[in-house]
Each structure stands twice: as structure tokens, then as C-alpha cells.
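Student: The structure under discussion is supplied below as C-alpha cells; questions concerning it will follow.
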Amino acid sequence: MPQPWKNQGLGLIVLLVLLGLAMIYVPGWIAGIIREGNDLGPVGKWIYFSFVSVGAALLLGLAGWGLWTLVIAKIRKERRREMRNRNPNELTPDQRRAELKENLESISELRDEMTDGDFRDTVDPMIDRIEEKLEGGNLEIIAFGTISSGKSSLLNALAGRDAFSTDVVGGTTVRRNKVEWPGNNKVQLIDTPGLGEVDGSIHQEIATHSAHDADIVLLVVDGPLRHSEFQLLELLAKMDKRVIICLNKEDWFTDADKAKLLQQITQQTKEIVQAEDILSVRSRSTKRKRVRVLPDGNEIDEEVDVPLSIEPLARRMMQVIKKDGTDLLLANLLTQSRGLVEKARKEVEDSIDRQANQLVNRYMWASGGAGAFTNPLPVPMVELAAGVAISTKMVMDLAKIYRQEVDLDIAVSLLGQLSKQFIGYLGVQMAAPVVAMAIGSMIKTIPGIGTVSGMLLNGIVMALVTRWIGNIFMVYFKHGMQEPEGGLAGLARREWDKVTDSAYLRKLVQEARQRYVDRK
Numbered sequence: 000m001p002q003p004w005k006n007q008g009l010g011l012i013v014l015l016v017l018l019g020l021a022m023i024y025v026p027g028w029i030a031g032i033i034r035e036g037n038d039l040g041p042v043g044k045w046i047y048f049s050f051v052s053v054g055a056a057l058l059l060g061l062a063g064w065g066l067w068t069l070v071i072a073k074i075r076k077e078r079r080r081e082m083r084n085r086n087p088n089e090l091t092p093d094q095r096r097a098e099l100k101e102n103l104e105s106i107s108e109l110r111d112e113m114t115d116g117d118f119r120d121t122v123d124p125m126i127d128r129i130e131e132k133l134e135g136g137n138l139e140i141i142a143f144g145t146i147s148s149g150k151s152s153l154l155n156a157l158a159g160r161d162a163f164s165t166d167v168v169g170g171t172t173v174r175r176n177k178v179e180w181p182g183n184n185k186v187q188l189i190d191t192p193g194l195g196e197v198d199g200s201i202h203q204e205i206a207t208h209s210a211h212d213a214d215i216v217l218l219v220v221d222g223p224l225r226h227s228e229f230q231l232l233e234l235l236a237k238m239d240k241r242v243i244i245c246l247n248k249e250d251w252f253t254d255a256d257k258a259k260l261l262q263q264i265t266q267q268t269k270e271i272v273q274a275e276d277i278l279s280v281r282s283r284s285t286k287r288k289r290v291r292v293l294p295d296g297n298e299i300d301e302e303v304d305v306p307l308s309i310e311p312l313a314r315r316m317m318q319v320i321k322k323d324g325t326d327l328l329l330a331n332l333l334t335q336s337r338g339l340v341e342k343a344r345k346e347v348e349d350s351i352d353r354q355a356n357q358l359v360n361r362y363m364w365a366s367g368g369a370g371a372f373t374n375p376l377p378v379p380m381v382e383l384a385a386g387v388a389i390s391t392k393m394v395m396d397l398a399k400i401y402r403q404e405v406d407l408d409i410a411v412s413l414l415g416q417l418s419k420q421f422i423g424y425l426g427v428q429m430a431a432p433v434v435a436m437a438i439g440s441m442i443k444t445i446p447g448i449g450t451v452s453g454m455l456l457n458g459i460v461m462a463l464v465t466r467w468i469g470n471i472f473m474v475y476f477k478h479g480m481q482e483p484e485g486g487l488a489g490l491a492r493r494e495w496d497k498v499t500d501s502a503y504l505r506k507l508v509q510e511a512r513q514r515y516v517d518r519k
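Quick note: the sequence shown uses numbering that gives the first Met the number 0, first residue 0, plus one each step.
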């Protein structure tokens with residue numbers, strides 16, 4: 000693993016060496032300038048020292064400006080890294096906006112580096128959605144709830160119309176639905192599939208995606224918290240979402256039981272949800288039995304209508320929107336942009352890896368084909384992979400893909416080190432026939448491969464070694480040519496273990512037969 004302190008120590012040593020050299024040579028150089036100036040006479044001396052002074056001032060000024068620019072750039076980079084590691088809620092609105100702008104610019108730049116993949120086509124719509132939401136200040140309130148918790152009915156009550164599908168059987172919400180909240184066109188109410196509904200894995204995926212987009216989450220429950228509900232709350236806590244818990248169907252409980260239940264939920268979620276964001280409502284009108292005493296003293300049982308009651312929830316939602324809406328929107332968009340940056344970077348890395356893997360694959364079978372139709376030659380290990388020219392060209396092409404500065408001399412030197420240090424992995428001498436024999440013995444121990452002819456074996460050996468070399472340099476270049484864990488020897492050993500795995504060798508033999516035998 001890279002050790003930054005070692006690089007810093009090396010830099011300090013270099014700086015001290017330069018300082019020592021300056022102390023030795025600079026005084027003599029200055030003395031020489033003074034002597035030359037004094038030899039020019041009064042006027043010449045004045046002109047000479049004027050030019051020297053201006054030149055020295057320009058030199059020192061440019062050097063100081065360059066050093067100051069590097070220092071400022073380093074400070075800004077460290078500050079950006081520190082800010083990106085901080086929770087969005089810990090940043091000021093201006094800091095959130097600044098980082099959000101930088102993230103969107105980074106995403107656009109990364110998109111231009113993607114050469115393939117479906118993600119590239121989805122980047123622009125994602126950026127447009129974030130920018131549109133930021134410009135319009137549109138908040139999304141997303142509701143979650145278990146089957147028949149009354150989630151959709153509650154959203155209908157808030158919307159003032161039957162905008163969301165409801166069913167007394169439950170489990171009817173199968174996709175994401177949204178409407179504007181009446182009286183506030185910048186707030187959208189969004190319904191999601193119920194937790195634990197049929198096809199739960201699909202619904203869980205939709206729910207998780209919706210949670211990422213939510214600015215405010217409304218969790219609708221109809222009793223004590225279920226396991227699925229608490230799991231969702233833990234997920235939302237990790238995502239730093241603002242949650243309002245709504246106990247629906249309050250008419251199911253007596254006042255005393257309702258108070259105890261709300262207290263229990265408050266205690267269970269005290270680390271996740273603010274106490275004032277836990278309340279009870281009734282999303283449907285219902286009927287209640289009562290006993291009425293007649294004027295003559297007789298009693299009769301009757302049912303009376305009990306209207307829905309959502310005012311406490313609507314009031315609290317409006318308070319949160321007015322007080323914290325902008326902050327919640329910025330925090331959510333910043334979190335989304337951070338995730339999108341990481342996804343874009345990963346996509347770029349994967350795209351580069353795919354190019355590199357295709358390149359190695361071409362060289363692998365080219366060298367394998369050359370080996371399949373020639374007799375093994377007594378040459379070193381690296382030359383076994385169809386010769387130094389093929390291996391060197393592959394390494395240089397890989398360096399270009401990973402944007403590493405590698406010239407012909409460096410490539411040959413690296414391959415030379417590889418051939419000298421790692422031939423011992425096979426436990427054989429450097430002669431190609433013996434290497435082929437060792438790999439052939441290894442292949443014969445794998446069930447289901449059958450017999451392998453000498454010609455085919457030679458091609459497999461060359462293809463295998465080329466793949467091994469390619470894999471080593473893919474990892475090496477991908478990590479900026481920094482020394483890997485265990486050095487190059489450790490990296491080579493790990494990659495050798497991969498290419499000599501029985502499953503990989505079986506696949507290699509089968510493909511080699513298709514390429515070099517079945518096509519004849």
C-alpha cells in the first residue's frame with residue numbers, strides 16, 4: 000500500500016539538498032555578479048545592476064507566485080476534501096450550493112470520458128432533474144407504509160381528492176405516484192409501494208430509490224412499529240432524511256392507549272426522529288357507536304359520523320417546509336450529486352477497465368495463435384508470450400488507456416524486471432519447453448479437459464502468460480504506478496494465482512480449442 004509519509008519525507012530530503020546546494024553556490028554567484036558590475040565603471044555599473052535587479056525581482060516574483068498558487072491550490076483541495084466528508088447538514092447553504100455546482104461540473108466532465116455503457120445516456124437527464132429541482136425549489140414528500148396502513152388514503156386526504164389508489168384489501172400500490180399538494184405547487188406528494196407487499200423485492204427496490212429522492216419522508220403506521228418499518232427508519236437515518244411519523248387510524252385506540260403508543264414510538268425512534276415530528280391522525284371518516292338518553296329516560300344505541308382529522312399533520316408539514324424546506328432540499332440534492340459523482344467515476348473506471356481487458360484479450364490470443372503454430376523456443380519467460388515485441392506493445396497500449404507516462408525504455412525495463420523476478424513461480428528454469436511442460440502438467444490435473452496436443456499446449460502457454468502480464472499491468476497502471484501491496488512480486492503472485500485457477504484454465508483450454516483446432 001502507498002505510504003504518504005514516505006513521499007513527504009523524500010520531498011523534505013530533496014528540499015534540504017537543494018537548500019544546501021544553494022548555500023554553497025549562490026553566494027559565489029552573487030559575488031561574481033558584483034565583481035562584473037564594479038568593472039563596468041559608474042554608468043555601466045548602474046545600468047548593469049538595474050537590469051540584474053529587475054531580472055531578480057521578476058524571477059523571485061514568479062517563483063513566489065508559483066509557490067503561492069500551489070499552496071493555495073493544496074489548501075483548497077484539502078478544504079474540498081474535508082467538506083465532501085462532512086454531512087450536508089453540517090454545511091452552510093452557500094457551501095452546499097458551491098459543492099453542488101462543483102459536483103454537477105465534475106459529473107459532466109466524467110460523462111465525456113465515458114466511452115461506453117448505458118449510464119452515459121442517463122447522466123444528462125439526472126443533471127437536468129437536479130438543476131430543475133434546485134431552480135424551482137420543488138420539495139418531494141414521499142410516503143411509506145405497510146399494507147393497509149392507510150398511507151394512500153392519508154395522501155388523498157392531504158391532496159383533497161382521490162389521486163392515489165386505495166383498496167381495503169391492501170397491497171395495491173405497485174408504482175411511484177405523485178401529485179402537487181394543493182395550495183403549494185412547489186411541494187409534491189408521492190406514494191410508494193407498501194412495505195412488505197407482494198413481490199417485496201421489487202417494491203423494496205422502488206422504495207429504496209424513492210427514499211434517495213425524498214426531501215421529507217412521511218412514515219405512516221397503524222400501531223406499534225413493525226420490523227420492516229424500523230428497518231426503513233434505520234436506512235433513512237443513514238441517508239440523513241427528515242422523517243415525520245404519522246400514527247393513522249387513531250380512532251382504533253382510546254385516548255390513553257394512543258398516548259402510550261405515541262410515547263413508545265417516540266422512545267424507539269428518539270435517535271432518528273424528532274419528538275415533535277411524531278403525531279396521530281385519522282385519514283378516513285368513520286362511525287362511532289354511542290348511547291343516547293331519551294327525554295323519557297330510555298337509552299338507545301346509535302352510530303354517529305366521525306370526520307377525518309389530518310390538521311395536525313398538515314400543520315406540521317407546513318411548519319417544516321417553511322422553516323427547513325430550503326435546507327432539506329439543498330442537503331438532499333447535495334447527497335444525490337455526491338452519489339452521482341461516485342457512480343460516474345466508477346463508470347469511467349469500469350469503461351477503462353473494459354477497454355484494457357479487450358486489449359489484453361486481443362494480445363493474448365494473438366500470442367497464443369503464434370505459439371500454436373510454432374515450436375517452443377528456448378527463450379526467457381517474457382519472450383514466451385509471443386516475443387518481446389508483442390508484450391512491450393501491449394504494455395505501452397495499456398499505459399495509454401490508463402493515461403500513464405510510459406515510453407519504450409520503461410516498458411522494456413518493467414518487462415525485464417518481471418521476467419527476472421517472477422519466473423520462479425513455476426518452479427522451473429527459464430527455458431520455454433520446461434515452462435510449457437509445467438503448465439501442461441497443471442492442466443492435465445483438471446477434470447473434463449481431456450488431452451491437449453503439443454501444438455495447442457504451446458498456444459495455451461503463450462496466451463496464459465500474456466494474460467498474466469496484462470493483468471499485472473492493468474492493476475499497476477490503474478493505481479497510478481504506485482507500488483502495490485507486497486511490491487510487484489506480491490502483485491504478480493496474486494495475478495498468477497488467478498490465471499492458474501482450475502476454472503479459469505478449463506475455460507482457457509476450451510476457448511483455445513475453438514480458436515486453433517475447431518476452426519481448422
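Ideal Cβ positions, reconstructed from N, Cα and C, are used throughout, including at glycine. Source: prediction; values computed, not measured.
Leaving out five residues on either side along the sequence, give the residues of the same chain with a beta carbon under 6 Å from the beta carbon of D161.
Tutor: Taking the first residue of the sequence shown as position 1, residue 161 is located at position 162. Correct list, in chain order: N155.
Student: Consult DSSP for L224 and reduce its assignment to one of helix, strand or coil.
Tutor: Within the sequence shown, numbered from 1, the residue matching residue 224 stands at position 225. DSSP places L224 in coil when its eight states are reduced to three.
Student: Would V42 be called buried (16 or more neighbouring beta carbons within 10 Å of its own) or exposed?
Tutor: Sequence index remark: in the sequence shown, residue 42 carries index 43 (1-based). By the 10 Å Cβ count, V42 comes out exposed.
Student: For Q230, which three-state DSSP category applies?
Tutor: Mapped onto the sequence shown, residue 230 falls at position 231. Looking at Q230 - three-state DSSP - the assignment turns out to be helix.
Student: Do you know offhand how far V51's Cα is from L18's?
Tutor: Counting from one through the sequence shown, the residue named residue 51 turns up at place 52. Counting from one through the sequence shown, the residue named residue 18 turns up at place 19. So the two alpha carbons sit approximately 22 Å from each other.
Student: Nearest CA to the CA of V216: which residue from G368, L232 and D408?
Tutor: Counting from one through the sequence shown, the residue named residue 216 turns up at place 217. Among G368, L232 and D408, the Cα nearest to that of V216 belongs to L232.
Student: How about V272 and N247: do their beta carbons lie closer than 7 Å?
Tutor: Locating residue 272 in the sequence shown gives position 273, where the first residue counts as 1. Locating residue 247 in the sequence shown gives position 248, where the first residue counts as 1. Not in contact: V272 and N247 (Cβ atoms no closer than 7 Å).
Student: Would you call L464 buried or exposed, if buried means 16 or more other Cβ atoms sit within 10 Å of its Cβ?
Tutor: As a working mapping, residue 464 is identified with position 465 in the sequence shown. According to the sequence provided, residue 464 is Val. The question's Leu does not apply to it. Result: buried.
Student: Cα separation between D349 and E98?
Tutor: Here residue 349 refers to the residue found at position 350 when the sequence shown is read from its first residue. Here residue 98 refers to the residue found at position 99 when the sequence shown is read from its first residue. Looking at the two C-alpha atoms, the distance is approximately 25 Å.
Student: Taking one C-beta from the region 351-362 and one from the region 395-406 each time, how about it: are there three or more such pairs within less than 8 Å?
Tutor: Touching, yes, given that three or more Cβ pairs across the two stretches are closer than 8 Å.
Student: When burial is assigned at 16 or more other CB atoms within 10 Å of the CB, is D198 buried or exposed?
Tutor: Translated into positions along the sequence shown, residue 198 becomes position 199. Confidence at D198 is low in this model, with a pLDDT of 43, below 50, so its placement is unreliable and the value that follows should be read with caution. Label assigned to D198: exposed.
Student: What's the gap between the Cα of D254 and the Cα of I264?
Tutor: One-based indexing of the sequence shown puts residue 254 at position 255. One-based indexing of the sequence shown puts residue 264 at position 265. Straight-line Cα distance between these residues: approximately 15 Å.
Student: Report the residue ranges of all alpha helix (DSSP H) runs contained in full by the region 472-510; include only those spanning at least 4 residues, in chain order.
Tutor: List check, alpha helix (DSSP H) in window: 486-498.
Student: Taking the alpha-carbon positions, what's the L307 to L153 distance?
Tutor: Here the question's residue 307 lines up with position 308 in the sequence shown. Here the question's residue 153 lines up with position 154 in the sequence shown. Those two C-alpha atoms are separated by around 9 Å.
Student: Nearest to T334 by CA position, among L504, E249 and L235, is which residue?
Tutor: Numbered from its first residue, the sequence shown carries residue 334 at position 335. Nearest C-alpha to T334: L235.
Student: Take G169 and list the residues in its own chain whose beta-carbon comes closer than 6 Å to its own, dropping the five residues that flank it on each side.
Tutor: Within the sequence shown, the letter at position 170 stands for residue 169. Low per-residue confidence applies at G169: pLDDT is 47, beneath 50, and the placement is therefore not dependable, though the value from the model is reported in the following sentence. Here the set comprises I146 and S147.
Student: Taking C-alpha atoms, which residue in N176, F118 and E134 lies nearest to A140?
Tutor: Sequence index remark: in the sequence shown, residue 140 carries index 141 (1-based). The sequence shown places Ile at residue 140, not Ala. Closest by alpha carbon: N176.
Student: Is DSSP giving F48 helix, strand or coil here?
Tutor: Here residue 48 refers to the residue found at position 49 when the sequence shown is read from its first residue. Of the three classes helix, strand and coil, the one that applies to F48 here is helix, per DSSP.
Student: Exposed or buried, which one is V508 when buried takes at least 16 other CB atoms within 10 Å?
Tutor: Locating residue 508 in the sequence shown gives position 509, where the first residue counts as 1. That one is buried.
Student: Please report the residue range of the beta strand (DSSP E) in which F143 lies.
Tutor: One-based indexing of the sequence shown puts residue 143 at position 144. It spans L138 to G144 - the beta strand (DSSP E) in which F143 sits, taken as one unbroken run.
Student: With a threshold of 8 Å, are at least 3 pairs of Cβ atoms found where one atom belongs to the region 129-144 and the other to the region 255-262?
Tutor: Short answer: they don't touch.
Student: What is the rounded straight-line gap between the Cα of N331 and the Cα of Q481?
Tutor: On the sequence shown, residue 331 is found 332 positions in, with the first residue counted as 1. On the sequence shown, residue 481 is found 482 positions in, with the first residue counted as 1. Looking at the two C-alpha atoms, the distance is approximately 36 Å.
Student: Relative to the C-alpha of P124, which candidate in S336, K392 and D396 has its C-alpha closest?
Tutor: Locating residue 124 in the sequence shown gives position 125, counting from the first residue. With distances taken between Cα atoms, P124 lies closest to S336.
Student: For N176, report the span of its beta strand (DSSP E) as first-last.
Tutor: Position 177 of the sequence shown, counting from 1, holds the residue named residue 176. Per DSSP, N176 belongs to the beta strand (DSSP E) from N176 to W180.
Student: Put V272 into one of helix, strand or coil per three-state DSSP.
Tutor: As a working note, residue 272 is residue 273 in the sequence shown. V272 falls in the coil class under three-state DSSP.
Student: In whole angstroms, what is the alpha-carbon distance linking T499 and S366?
Tutor: As a working note, residue 499 is residue 500 in the sequence shown. As a working note, residue 366 is residue 367 in the sequence shown. Whole-angstrom Cα-Cα distance: 18 Å.
Student: With Q94 and N137 assumed to form a contact (beta carbons below 8 Å), what rounded beta-carbon distance in angstroms separates them?
Tutor: Counting from one through the sequence shown, the residue named residue 94 turns up at place 95. Counting from one through the sequence shown, the residue named residue 137 turns up at place 138. Not confirmed; about 22 Å, so no contact.
Student: Anyone know if the C-beta pair for F520 and A410 falls short of 7 Å?
Tutor: No answer is possible for residue 520: the residues shown for the chain start at 0 and end at 519.
Student: For P294, count neighbouring C-beta atoms within 10 Å of its own C-beta (all shown protein chains included) and say buried if the count is 16 or more, exposed if not.
Tutor: On the sequence shown, position 295 is the one that residue 294 refers to. Flag for P294 reads exposed.
Student: Who are the Cβ neighbours of L261 in its own chain at under 7 Å, not counting the five residues just before and after it?
Tutor: In the sequence shown, the residue the question calls residue 261 occupies position 262. Hits under 7 Å: L246, I277 and S279.
Student: Considering R241, what are the terminal residues of the alpha helix (DSSP H) in which it resides?
Tutor: If you number the sequence shown from 1, residue 241 lands on position 242. Element bounds for R241: not the alpha helix (DSSP H) but the beta strand (DSSP E), R241 to L246.
Student: Residue range of the alpha helix (DSSP H) that L90 falls in?
Tutor: Looking up residue 90 in the sequence shown gives position 91. Counting along the chain, L90 falls outside any alpha helix (DSSP H), and DSSP gives it neither H nor E.
Student: Could you give the first and the last residue of the continuous beta strand (DSSP E) run that contains S282?
Tutor: Against the sequence shown, residue 282 aligns to sequence position 283. No beta strand (DSSP E) holds S282; DSSP gives it neither H nor E.
Student: Based on Cα-Cα distance, which residue from V340, K259 and D214 lies nearest to D326?
Tutor: On the sequence shown, residue 326 is found 327 positions in, with the first residue counted as 1. Among V340, K259 and D214, the Cα nearest to that of D326 belongs to D214.
Student: Taking C-alpha atoms, which residue in P87, S282 and L456 lies nearest to R505?
Tutor: As a first step, residue 505 must be located in the sequence shown, where it is residue number 506. The candidate whose alpha carbon is nearest that of R505 is L456.
Student: Once DSSP output is grouped into helix, strand and coil, what is the label at W188?
Tutor: As a first step, residue 188 is located in the sequence shown; it is residue number 189 there, counting from the start. As written in the sequence, residue 188 is Leu, which differs from the Trp given in the question. If DSSP states are grouped into helix, strand and coil, L188 belongs with the strands.
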